[in-house]
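Trainee:
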Amino acid sequence: DVRDNKAAVSGWLDTDPVVLKALVGRWADLPLAGVILTCIDRDGTMSGPDLQTLARVRKMTKLELQYSGGVASVDDLRRIAAAGAHAAILGKALYERKITLEQAMSA
1 DVRDNKAAVS
11 GWLDTDPVVL
21 KALVGRWADL
31 PLAGVILTCI
41 DRDGTMSGPD
51 LQTLARVRKM
61 TKLELQYSGG
71 VASVDDLRRI
81 AAAGAHAAIL
91 GKALYERKIT
101 LEQAMSA
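Take 1 as the starting number for the sequence shown in this note's numbering and just add one per residue.
Here it is as structure tokens:
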């Protein structure tokens, strides 16, 4: 979870003083298949994805990335994929029927 370029911890209540680049560097030696990147300041807002943070993290790691936060449209899903995410997590956009599952799967 990310807020203001820092790792968010304790149920998003606090941010760790470790900057995002240092945190991503810690993943390098771990046996991970991928990670979920949640931009919590956008979570549930349908205000659009934080493509700058996604692109920055994409440059820092070769791990598969699943993006979450602010997704509101099929166009958002396409932009998330173009920025380097392997998948996106949808919540409110599906719940409020802004995107159908069929549209999401074909994006």
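Think of the CB as a built atom: it goes at the ideal place given N, C-alpha and C, for glycine as much as any other residue.
#1: Which same chain residues end up closer than 8 Å to S68 when comparing Cβ atoms and leaving out the 5 residues on each side of it in sequence?
#2: Based on Cα-Cα distance, which residue from L23, S47, G25 and V57 lies nearest to G84?
#3: Is A93 near A72, with beta carbons less than 8 Å apart?
#4: Does the beta-carbon distance from A65 to G25 come in below 8 Å?
#5: If I follow the unbroken beta strand (DSSP E) through G34, where does it start and stop?
Mentor: In short, the structure shows the following:
#1: The residues are I36, L37, T38, C39, D43, A88, I89 and G91.
#2: With distances taken between Cα atoms, G84 lies closest to V57.
#3: Contact flag set, yes.
#4: Sequence check: residue 65 is Leu here, not Ala. No, they are not a contact pair.
#5: Residues G34 to T38.
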